[in-house]
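For the sequence shown, this note's numbering begins at 164 and goes up steadily by one.
Don't be surprised by glycine CBs; every beta carbon is placed ideally from N, CA and C.
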Amino acid sequence: MSQLIAVVAGLLAVAVLIALIGIANTLTLSVLERTRESATVRALGLTRGQLRATLLTEALLMGLVAAVVGIGFGLTYGAVVSSVLFTDIDATVTVPVGQLLGYAALAALLAALAAVLPARRAARAPIVSAMAET
């Protein structure tokens, strides 16, 4: 049984890694598409740190929303599957709220970490050349 848990944990780790790569890719494309917008707000007085903080906050919120949606789907799937598989057993489903909140916080933190490089790239872009891009 412990080998099965180890395999499932390994597959979960791979899924999380793929999700982080997807978030980093999405944020990189978002930064590239909004290069001109970022340069405009920088020209209007937004500092590099403020731009970085804005992009990191966006990533943090994206990770948090994704975690909430994922947890909701997971709980629904778990309830449906357990009700179908365990019809003969009178069992109650226990939801580990603290653990789920920890996972949501971890997802938000990892999403913010995945956004560090795109945010740094956007903050370092020269304003004049970034505004000239179409």
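In the three-state scheme derived from DSSP, where H, G and I count as helix and E and B as strand, residue 198 is classed as helix. Taking a 10 Å sphere around the C-beta of residue 268, we find fewer than 16 other C-beta atoms and assign the residue as exposed. Burial is judged here by how many other beta carbons sit within 10 angstroms of a residue's own beta carbon; residue 205 has at least 16 and is buried.
Contact between residue 282 and residue 198 does not hold, since their C-beta atoms are separated by about 13 Å, which reaches or exceeds 8 Å. Residue 242 and residue 235 have their C-alpha atoms spaced approximately 11 Å apart.
Scanning its chain for C-beta atoms nearer than 8 Å, with the 5 sequence neighbours on each side dropped, one finds around residue 187 the residues 277, 278, 280, 281, in chain order. Using a C-beta cut-off of 8 Å, the stretch 217-230 makes no contact with the stretch 249-261, since fewer than three inter-stretch Cβ pairs fall below that distance. Following the DSSP letters along the chain, one finds residue 285 inside the alpha helix (DSSP H) bounded by residues 279-287.
Residue burial is scored here from C-beta neighbours: residue 194 has at least 16 other C-beta atoms within 10 angstroms and is therefore classed as buried. No residue range can be given for residue 296, since it is assigned to no alpha helix (DSSP H) and is classified by DSSP as neither H nor E. A Cβ-Cβ distance of about 6 Å is found for the pair residue 203 and residue 294, placing them in contact under the 8 Å criterion.
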